[in-house]
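What follows is a short report on a single structure.
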Amino acid sequence: MAELGTDSIECFAPTVNDKGRVNYPEVAKLLTERDSSSIEALNSLAERGLLNKEYKTKVYICPSCQIEGLQYITGCPSCKSTHTIRTRFFEHKPCSYSAPSDAFETEDNGDLYYCPNCEDKVEFSEFHILQKHLCNECDESFDNPNHQLWCLECLHICPPANATEQTLYEYHLTENGDRWYRTQTEARELLADEFDTRGFDVSVDTELQNDEGILYDVHIHARDELLNQRIIADIHSTVTPENIQYLGRVAEELQAQPYLLITEDSAPETTLQAAYQHGVTLLWIDQNGSIQRYESLEDEHRSPGTIIDRLSSAVGFKSAEES
Ligand SMILES: [Zn+2]
Ligand SMILES: [Zn+2]
Ligand SMILES: [Zn+2]
């Protein structure tokens, strides 16, 4: 919890998970928009100008085991074996027979060769010298091998077209994004402190398990063993009814009370209705930087300032515009 204030993140870098899907492991923790994939969450933040989306590279996913990191390997067009080598071939000009050079060699006379096809003695000058590929598996020779991709994990070999191509982007925080990010982490710290002050045992960014062993990420988990009370809380900038439904469901699974701290200024009526319906208590931060219950849209006491201003007074950090 103490590290939250000093949390910093430069960019969200992609990884490919064991299902061959691109994801951003930092995002699930930080961005909280769990009902969409991490990519959708990042794209929506990029659309809001909080992140810069930057092309990084492409990766190729094994169609058999979904692991990333296929290696290029050539193969025999005839039997598909990868045990092919580029080697020197001789073509006997008069009969056009061609074979690896050693097929023409004789044991007794180094300067003189022998053609296995026309069974003649042959001078070196009677050869065309070629570079060809030879398959050690089926003895086929060819000018160009097949292009293939080889999975180092499951050893599956496939034509490049069969691999799944994934484009990877990095997402960098813009100036606005940096402020947004700090707002989220500061709000989290503020709420964690609030529970801490009330004597709860608090953990931040934690994973909780239900009776069936299913894991859930929550921003804050606050417990009081003596009173047998358990709270889970999330911090969101924009809240959708789906976010609320999710939190309500997780709380039910974990037998906890759900709280949701909203860091944007207004919540639409549908959000309030969803919160009521799913038993989620909504919170906001007032002009003094104190956490309050979000009662209704017409809450007279709500501050006209932005969340940044409110948080600034609470934790004393300056927004980029002020500095
Ligand atoms: Zn594989
Ligand atoms: Zn072959
Ligand atoms: Zn010949």
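Heads up: the sequence shown runs through residues 20 to 342, numbered per the numbering used here.
The beta-carbon is built from N, C-alpha and C at its ideal position, and this holds for glycine as well.
It should be emphasised that the depicted structure is a prediction, and the values quoted were computed from it without experimental measurement.
Relative to the alpha-carbon of residue i, which residue among the options has its alpha-carbon at the smallest distance?
{"i": "valine 237", "options": "Leu266, Leu245, Gln296, Pro82", "result": "Leu266"}
{"i": "proline 178", "options": "Ser83, Lys38, Leu291, Leu280", "result": "Ser83"}
{"i": "isoleucine 176", "options": "Cys95, Ala275, Arg40", "result": "Cys95"}
{"i": "glutamate 231", "options": "His240, Arg242, Thr257, Glu272", "result": "Glu272"}
{"i": "valine 258", "options": "Ser285, Ala270, Arg242", "result": "Ser285"}
{"i": "glutamate 110", "options": "Ile104, Val141, Leu187", "result": "Val141"}
{"i": "histidine 297", "options": "Ile304, Ser309, Gln228, Ala275", "result": "Ala275"}
{"i": "isoleucine 310", "options": "Arg207, Arg105, Arg242, Ser120", "result": "Arg207"}
{"i": "phenylalanine 144", "options": "Pro113, Tyr313, Leu209, Glu226", "result": "In the sequence as displayed, the identity of residue 144 is serine instead of phenylalanine. The shortest Cα separation from serine 144 among Pro113, Tyr313, Leu209, Glu226 belongs to Pro113."}
{"i": "glutamate 172", "options": "Arg312, Ser63, Gln85, Thr300", "result": "Gln85"}
{"i": "leucine 153", "options": "Ile304, Asp130, Thr183, Ala118", "result": "Ala118"}
{"i": "leucine 61", "options": "Gln167, Lys75, Glu126, His191", "result": "His191"}
{"i": "aspartate 212", "options": "His240, Thr193, Asn136", "result": "His240"}
{"i": "proline 164", "options": "Arg40, Ile148, Ile104", "result": "Ile104"}
{"i": "glutamate 87", "options": "Arg40, His166, Leu279, Ser115", "result": "Arg40"}
{"i": "phenylalanine 146", "options": "Asp121, Asn247, Leu291, Thr93", "result": "Asp121"}
{"i": "tyrosine 295", "options": "Gln306, Pro260, Gly308", "result": "Pro260"}
Does residue i pass the burial test, meaning 16 or more other C-beta atoms within 10 Å, or should it be called exposed?
{"i": "threonine 282", "result": "buried"}
{"i": "threonine 204", "result": "buried"}
{"i": "phenylalanine 123", "result": "buried"}
{"i": "phenylalanine 31", "result": "buried"}
{"i": "asparagine 155", "result": "exposed"}
{"i": "leucine 245", "result": "exposed"}
{"i": "leucine 234", "result": "exposed"}
{"i": "glycine 196", "result": "buried"}
{"i": "proline 33", "result": "buried"}
{"i": "alanine 180", "result": "exposed"}
{"i": "cysteine 81", "result": "buried"}
{"i": "arginine 107", "result": "exposed"}
{"i": "proline 277", "result": "buried"}
{"i": "lysine 38", "result": "exposed"}
{"i": "lysine 151", "result": "buried"}
{"i": "isoleucine 263", "result": "buried"}
{"i": "aspartate 139", "result": "exposed"}
{"i": "threonine 289", "result": "exposed"}
{"i": "tyrosine 91", "result": "exposed"}
{"i": "tyrosine 132", "result": "buried"}
{"i": "glutamine 228", "result": "exposed"}
{"i": "tyrosine 188", "result": "buried"}
{"i": "asparagine 174", "result": "Before going further, note that residue 174 is leucine rather than asparagine in the sequence given. Exposed, since its Cβ has fewer than 16 Cβ neighbours within 10 Å."}
{"i": "aspartate 224", "result": "buried"}
{"i": "glutamine 292", "result": "exposed"}
{"i": "serine 5", "result": "In the structure as shown, the chain begins at 20 and stops at 342. Residue 5 is therefore absent and cannot be evaluated."}
Going by the DSSP bridge assignment, what does residue i pair with across the sheet?
{"i": "isoleucine 86", "result": "Answer is none; isoleucine 86 lacks a bridge partner."}
{"i": "proline 67", "result": "Checking the sequence, you will find arginine at residue 67 rather than proline. According to DSSP, which records beta bridges pairwise, arginine 67 is partnered with nothing at all."}
{"i": "glutamate 189", "result": "Glu73"}
{"i": "glutamate 110", "result": "Ser117, His147"}
{"i": "glutamine 31", "result": "Residue 31 is actually phenylalanine in this sequence, not glutamine. BP columns for phenylalanine 31 point to Tyr190."}
{"i": "leucine 131", "result": "Looking at the DSSP assignment, leucine 131 forms no beta bridge with any residue, so it has no partner."}
{"i": "glycine 94", "result": "Asn165"}
{"i": "threonine 103", "result": "Cys154"}
{"i": "asparagine 62", "result": "Bridge partners of asparagine 62: none, in fact."}
{"i": "glutamine 311", "result": "Trp303"}
{"i": "lysine 140", "result": "Tyr133"}
{"i": "tyrosine 379", "result": "A query on residue 379 cannot be resolved here, the shown segment of the chain reaching from 20 to 342 and no further."}
Check the Cβ-Cβ distances between residue i and every residue of chain D, and say whether any is below 7 Å.
{"i": "lysine 99", "result": "Note that chain D does not occur in the displayed structure, where there is just one protein chain."}
What are the uninterrupted segments assigned as beta strand (DSSP E) that are 3 or more residues long and contained completely in the stretch 220-279, given in chain order?
The qualifying runs are 220-228, 234-243, 248-255.
Please confirm if the stretch 210-230 is in contact with the stretch 95-114, defined as three or more CB-CB distances below 8 Å between the two stretches.
These segments do not touch.
Check whether the stretch 242-252 and the stretch 194-201 are in contact - that is, three or more C-beta pairs closer than 8 Å.
Here the stretch 242-252 makes no contact with the stretch 194-201; the two share fewer than three CB pairs at distances below 8 Å.
Please determine if the stretch 56-76 and the stretch 153-171 are in contact, where contact requires at least 3 C-beta pairs separated by less than 8 Å.
Two segments are said to touch when three or more pairs of C-beta atoms, one from each, lie closer than 8 Å; by this definition the stretch 56-76 does not touch the stretch 153-171.
Just to confirm the assignment: which complete alpha helix (DSSP H) runs, minimum length 4, are found wholly within the stretch 153-199?
Qualifying alpha helix (DSSP H) stretches: none in this window.
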